[in-house]
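Heads up: the sequence lines are chains S and D, in that order.
With my numbering applied, the first sequence covers 1 to 115.
With my numbering applied, the second sequence covers 1 to 113.
Here a beta-carbon is modelled for each residue, glycine too, at the ideal position from N, C-alpha and C.
Report on the following structure.
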Amino acid sequence: AQTVTQSQPEMSVQEAETVTLSCTYDTSESDYYLFWYKQPPSRQMILVIRQEAYKQQNATENRFSVNFQKAAKSFSLKISDSQLGDAAMYFCAYRALGGSEKLVFGKGTKLTVNP
Amino acid sequence: NAGVTQTPKFQVLKTGQSMTLQCAQDMNHEYMSWYRQDPGMGLRLIHYSVGAGITDQGEVPNGYNVSRSTTEDFPLRLLSAAPSQTSVYFCASRSGTGFYEQYFGPGTRLTVT
């Protein structure tokens with residue numbers, strides 16, 4: 001069974017600085033999708049960034065980028081120029097390509113941004 | 001375009017009561033899912049549907065029932081509520097083509113006493 005592990009229950013960063021959230025996963029599949037979701041106190045799940053496993057190029061969305069290491073099964077999220085509004089729970093998630101509907105989530109990392 | 005909507009936002013039930021959590025989407029998505037989120041855990045899949053009339057079990061289906069009579073609606077029924085079902089429930093939908101991005105509703109916080 002696929003599993004997703006986020007080893008940092010909590011992280012903090014100073015405003016305007018950079019922080020990296022870690023995620024590792026376990027799968028025997030070769031094709032899959034990986035996602036980072038943000039959950040602010042409002043509870044809404046917001047997609048931050050996504051990566052297709054067959055693409056070697058790391059995904060980037062504005063201040064958010066990933067370091068995808070397929071062989072190491074690692075998918076870390078880097079937030080540059082951190083803003084107060086980035087404070088939230090961040091969840092890493094995995095989905096196998098085709099067939100399975102299940103998104104497998106990690107337990108989350110709570111990010112605090114200090115002014 | 002409202003996206004994925006869920007009602008109610010909050011609910012308190014007594015053990016043994018039944019209720020239905022409503023979920024609707026206006027994006028014509030084929031796939032719809034229900035997840036639950038417990039403290040210290042990520043979301044876990046309860047049930048899902050790949051189209052009207054087709055449903056299947058997820059990771060934690062016991063105590064829940066679903067049906068999908070239309071593309072837009074995917075209600076989740078708690079048959080006989082138990083304290084272990086205290087959780088936040090999320091409905092999600094996605095298209096069957098493209099990037100498979102899940103769109104989530106705002107969640108329902110359910111407390112069973």
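query                                                                                                                                                     : result
How about L103 of chain S and Q102 of chain D: are their beta carbons less than 8 Å apart?                                                                : yes
I'd like the list of long-range same chain contacts for Q57 of chain D, defined as Cβ closer than 7 Å, with 5 residues on each side in sequence excluded. : H47
List the endpoints of the continuous beta strand (DSSP E) containing N65 of chain D.                                                                      : 64–66
Name the chain D residues whose beta carbon is nearer than 7 Å to that of Y33 of chain S?                                                                 : Y100
Whole-angstrom Cβ separation of S80 of chain D and G40 of chain D, contact assumed at under 8 Å?                                                          : Not confirmed; about 26 Å, so no contact.
N67 of chain S and S76 of chain S look like a contact to me (Cβ under 8 Å); what is the Cβ gap, rounded to whole Å?                                       : 5 Å
Determine, for F10 of chain D, whether the minimum Cβ-Cβ distance to residues of chain S falls below 8 Å.                                                 : no
Rounding to the nearest angstrom, what Cα-Cα distance links Y64 of chain D and L45 of chain D in this structure?                                          : 11 Å
I need the DSSP call for G3 of chain D, collapsed to helix, strand or coil.                                                                               : coil
Does Q83 of chain S come out as helix, strand or coil in the three-state DSSP assignment?                                                                 : coil
Any beta-carbon of chain S closer than 8 Å to the one on S18 of chain D?                                                                                  : no
Give, in chain order, every residue of the stretch 30–62 of chain S whose Cβ lies closer than 9 Å to some Cβ of chain D.                                  : Y33, F35, Y37, Q39, S42, R43, Q44, M45, I46, L47, R50, E52
Using a Cβ-Cβ cutoff of 8 Å, what residues of the stretch 38–54 of chain D are near chain S? List them in chain order.                                    : G40, M41, G42, L43, R44, L45, Y48, V50
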